[in-house]
Amino acid sequence: RDESGQPFKRFDPLAPWLEAGGKKLLFGMNAGMYHGDFSAVGLFVAGGKQLVPLNTDPGDGNFFLKPNGVFALTEHGACVVETSEYPRLRSRVILATQSGPLLVHRGKLHPAFNAKSESRLFRNGVGVPSPDVALFAISEAPVNFHEFATFFRDTLHCPNALFLDGTISSLYAPELKRSDFRMDLGPIIGVTD
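In terms of the numbering used here, the sequence shown opens at residue 6 and continues consecutively.
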């Protein structure tokens, strides 16, 4: 959100807003599911400040497909943890977003995933192979959850990975000449110079 509290919703207003503050957007991706007012459905921490609390409610849809989880950047590095593990993090959290389902947890694919599933969508997510590295991925074609999770585990070697969203999956990457717009976005994660 900008200084007046308005959600950016897209990369095209975010990049110039950052530039006006002396920063250049190098990478951006939608960072989880959101409500009609574009606020995060689950935990959202930015700049070390919790803006939305952890959501442990039951419900329908991908976010609530347990186990779900949290991507966090702490003083000691990046991690993806199962939602119930988040309160036990001992390092100060600088940035966090909650989403679901977990794609990979401790090297195992989510138990609900089916290799033959015909539910195929564009998908994006984040995996953490080590505390020093966070890998964000977006599919170029529709994939099912099993395929996407297997990519994180077997190709990117991430023992823990989190699904961020499906149909709205969007990437900002000037080096790739990408500034996607499929739908308005809620939470956005970005890297600036």
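Just so you know, even glycine gets a beta-carbon here, dropped at the ideal spot from N, CA and C.
Remember, it's a predicted structure, so these values are computed and weren't measured experimentally.
Mapping the DSSP letters down to three states, classify D17 as helix, strand or coil. The count along the sequence shown starts at 1 and reaches residue 17 at position 12. Residue state, collapsed to three classes: helix.
If E80 and R93 are in contact, beta carbons under 8 Å, what's the gap, nearest whole angstrom? As a position in the sequence shown, residue 80 is number 75, starting the count at 1. As a position in the sequence shown, residue 93 is number 88, starting the count at 1. That pair is no contact at about 15 Å.
Out of E145, F118 and F168, which has the shortest C-alpha to C-alpha gap to V133? Taking the sequence shown and counting its residues from 1, the one referred to as residue 133 is at position 128. Selected option, being the one with the closest Cα: F168.
On the DSSP letters alone, give me the boundaries of the alpha helix (DSSP H) that F153 sits inside. Residue 153 sits at position 148 when you count from the first residue of the sequence shown. Counting along the chain, the alpha helix (DSSP H) containing F153 begins and ends at F150 to T155.
Taking the beta carbon of F76 as the centre, do at least 16 other beta carbons fall within 10 Å, making it buried, or is it exposed? By 1-based counting over the sequence shown, the position of residue 76 is 71. Of the other Cβ atoms in all chains shown, 16 or more fall within 10 Å of the Cβ of F76; this residue is therefore buried.
Decide if T88 is buried, meaning its Cβ has at least 16 other Cβ atoms within 10 Å, or exposed. Here residue 88 is taken as the residue at index 83 of the sequence shown, counted from 1. It is buried - the Cβ of T88 has at least 16 other Cβ atoms within 10 Å.
Closest residue to Y39 among L181, K14, G33 and A25 (Cα-Cα distance): In the sequence shown, counting from the first residue as 1, residue 39 sits at position 34. Selected option, being the one with the closest Cα: K14.
Roughly how many angstroms separate the alpha carbons of F157 and D42, rounded to a whole number? Numbered from its first residue, the sequence shown carries residue 157 at position 152. Numbered from its first residue, the sequence shown carries residue 42 at position 37. If you take the alpha carbons of F157 and D42, they lie about 31 Å apart.
DSSP has D170 in a bridge; who is on the other side? Indexing the sequence shown from 1 puts residue 170 at position 165. In the DSSP output, where bridge partners are listed per residue, D170 has N129.
Please say whether A166 and V109 have beta carbons closer to each other than 7 Å? Indexing the sequence shown from 1 puts residue 109 at position 104. Indexing the sequence shown from 1 puts residue 166 at position 161. Taking 7 Å as the Cβ cut-off, V109 and A166 qualify as a contacting pair.
Give me the residue from N119, T102 and F32 with the minimum Cα distance to D185. Translated into the one-based positions of the sequence shown, residue 185 becomes position 180. Minimum Cα distance to D185 is reached at F32.
Apply the 10 Å Cβ neighbour rule to S175 and answer buried if 16 or more other Cβ atoms are within range, or exposed otherwise. As a first step, residue 175 must be located in the sequence shown, where it is residue number 170. Result: buried.
Could you name the residues that DSSP lists as bridge partners for Q11? Taking the first residue of the sequence shown as position 1, residue 11 is located at position 6. Paired residue(s): none; Q11 is not in a bridge.
Assuming N67 contacts P18 under a Cβ cut-off of 8 Å, what Cβ separation, rounded to an integer in Å, is found between them? Here residue 67 refers to the residue found at position 62 when the sequence shown is read from its first residue. Here residue 18 refers to the residue found at position 13 when the sequence shown is read from its first residue. Actually they do not touch by this definition, with Cβ atoms about 27 Å apart.
For G112, collect the residues of the same chain with a Cβ closer than 6 Å to its Cβ; drop the 5 residues on either side in sequence, then sort them by chain order. On the sequence shown, position 107 is the one that residue 112 refers to. Cβ neighbours of G112 beyond the five flanking positions: P164.
For A139, count neighbouring C-beta atoms within 10 Å of its own C-beta (all shown protein chains included) and say buried if the count is 16 or more, exposed if not. In the sequence shown, counting from the first residue as 1, residue 139 sits at position 134. By the 10 Å Cβ count, A139 comes out buried.
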